[in-house]
Amino acid sequence: MSHFRYQTLLRIKEQEQVRAKEEYQQSLEQFEQMAWKLYDSLQKKEMLLNHSMQKLDKGLPIQELKSQQQFLDNLEQTISHYQKLVSIYRTNMNQKHQKVTEKTIDVKKFQKMKENVENKKRLEMSLQEMKSLDELANLSFVRN
950 MSHFRYQTLL
960 RIKEQEQVRA
970 KEEYQQSLEQ
980 FEQMAWKLYD
990 SLQKKEMLLN
1000 HSMQKLDKGL
1010 PIQELKSQQQ
1020 FLDNLEQTIS
1030 HYQKLVSIYR
1040 TNMNQKHQKV
1050 TEKTIDVKKF
1060 QKMKENVENK
1070 KRLEMSLQEM
1080 KSLDELANLS
1090 FVRN
């Protein structure tokens, strides 16, 4: 139809929205990757504890018990580390999601403004067309 006065601004807002969605998707992937590492570490811990309990029931040399305890301590540190990272990545992901929401709202505002301008232009054109037809009818009437 006609050129929307804020078309450039709308385009910029749409580009910002696309970038925000890409950043959110990247943060989601980082979060999922870290969450899977945490999950794997927790599974390893569970398997180690089950295995240790079975061995304890059958009798376990002190050296092997110390070795397993050291491994378990290291695994606990790894789990703690992954828990912190998962929390950081979750916060980052939530912030990126909020940014996507804000950018989407901005784009919708400009799209609505554009739609309103186009509707107004259509209405003005229709009114102008009706006015022209009325004038033609009047001229035709006056000539007859």
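Residue numbers for the sequence shown follow the numbering used here, so the first one is 950 and each next one is one higher.
Where is the CB? At the ideal position from N, CA and C, for every residue including glycine.
Please read all numbers here as calculations on a predicted model, not as lab measurements.
Proximity of Q966 and T1053 at Cβ, strictly below 8 Å: Yes, they are a contact pair.
First and last residue of the alpha helix (DSSP H) that includes L1009? L1009 -> no alpha helix (DSSP H), and no H or E assigned at all.
As assigned by DSSP and simplified to three states, the class of F953: Residue state, collapsed to three classes: coil.
Length of the line joining the Cα atoms of Y955 and L987: When the Cα atoms are used, Y955 and L987 turn out to be separated by approximately 47 Å.
Whole-angstrom Cβ separation of T1027 and S990, contact assumed at under 8 Å? About 5 Å; that satisfies the 8 Å criterion.
Own chain partners of M950 with C-beta closer than 8 Å, once the 5 adjacent residues on each side are dropped: Summary for M950: the model assigns pLDDT 46, below 50, so the residue's position carries little reliability, and this model does not support an answer.
Considering only residues of the same chain and omitting the five flanking positions on each side of H1046, which have a CB-CB separation below 7 Å? Around H1046: Y973.
State buried or exposed for F1090, treating a residue as buried only when at least 16 other CB atoms are found within 10 Å of its CB. With fewer than 16 other CB atoms across the displayed protein chains lying within 10 angstroms of its CB, F1090 is exposed.
Please report how far the alpha carbon of V1035 lies from the alpha carbon of Q1003, in whole angstroms. Going from the Cα of V1035 to the Cα of Q1003 covers about 32 Å.
Given a cut-off of 8 Å, decide if L1024 and K993 are closer than it, judged by their beta-carbon atoms. Yes.
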